[in-house]
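Residue numbers for the sequence shown follow the numbering used here, beginning at 11 and rising by one.
Every residue, glycine too, gets a C-beta built ideally from N, C-alpha and C.
Report on the structure given below.
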Amino acid sequence: MHTPARKNLISAEQESIMEGVSTAAPTSRKLEKRREQLLDAIHVLARRSPEMFELEAEDFIRRAMWSERGRDPSFANTLERWLHSEFQFETFATVLPPDAKLERRNIPDPDLTELRQVDRAVFAAIQTKFDGTEDEPFNHHRWDAATRDQFIVLGMIAMGGKRGERQSRIVHYLGLGTPGPDDLRGSNTVRAAKIAITRFLRARVPEAIDVFAPATGNGGQRLHRIRDTEMARMLARYVLNHPASLLLPDLPIMAEPL
């Protein structure tokens, strides 16, 4: 059931980015683990009883959006079109109104004064990549698939902070399904996104070193990190305040991030 657009399901293994913030309380981890298991159960039911799953999933989406938006006939019509036909061409995130937030966030804007000058240049280049310029702004609804993948990969790795993010979880939010032991498609997609971001930055900030630290581990357990904690924090603030943040998972519900 979960696609990159359904971002409000939270991983127990996601770390707080802010240095010095304690990890989530055991109760929080237990709750997050329960949500992961419920999500897994939904995947099983979707495979075993697809017709029942489809009916229940549609009803759940309608109720969730009614709770979020209230009476909104215009969006209700958009939602119905998506449920019946446009799902073939558009992700759920692309049909949501720009002000829609399924989980309310209180994330401060990036404070670039905490970064070195070269890192501020890297950050400015990242903004140009995803937002364009004043003369030629980008709209995330018009991103191509590669740019969308790069936003998700960079965002999730930044949100992982010092610990980083597991490759299997990134692949999941890229919408590539549950990765198997030899998931070359998912691995290649993550690798391609990191290479594209690195090349983009090197071309614009030659004096900067790679934004990504060397990955460690193998397969789905491979960990990807941002090389610097402060940079990770700034990038996480940026992506979580971005209109495309609906493509990303949330931070731990009990954490005080950023």
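Boundaries of the beta strand (DSSP E) in which residue i is found, first to last residue
i	result
F222	F222 to T226
I136	Looking at the DSSP string, I136 is not in any beta strand (DSSP E); the run it does join, the alpha helix (DSSP H), is Q127 to D141.
Residue i burial status per 10 Å Cβ neighbour count (16 or more: buried)
i	result
A254	buried
P216	exposed
P83	exposed
R247	buried
S59	exposed
R243	buried
I207	buried
Q177	buried
G227	exposed
G142	exposed
I136	buried
V249	buried
F70	exposed
L245	buried
Spatial distance of residue i from residue j (CA atoms)
i	j	result
R45	A218	40 Å
R195	E240	31 Å
F102	A155	15 Å
E42	R179	14 Å
M62	E68	10 Å
E144	V163	25 Å
L125	A131	9 Å
I117	N251	7 Å
A223	N149	29 Å
P168	V128	Checking the sequence, you will find Ala at residue 168 rather than Pro. Distance between the alpha carbons of A168 and V128: 18 Å.
R201	P120	26 Å
V54	Y183	18 Å
E96	A86	14 Å
R158	R214	20 Å
Boundaries (first-last residue) of the alpha helix (DSSP H) holding residue i
i	result
H234	Run containing H234: none in the alpha helix (DSSP H); it sits in the beta strand (DSSP E), L233 to I236.
G196	L194 to R214
W92	P83 to H94
F99	F99 -> no alpha helix (DSSP H), and no H or E assigned at all.
I167	A155 to M169
H269	Residue 269 falls outside the range modelled here, since the chain spans only 11 to 268, and no answer is possible.
E240	T239 to L250
Residue from the options with nearest C-alpha to residue i
i	options	result
L258	G185, E146 and G142	G185
P107	H53, R158 and L89	L89
L65	F85, L93 and M75	L93
R235	F210, A134, E175 and K204	E175
A203	R73, A74, K139 and E100	K139
R237	L245, R214 and D220	D220
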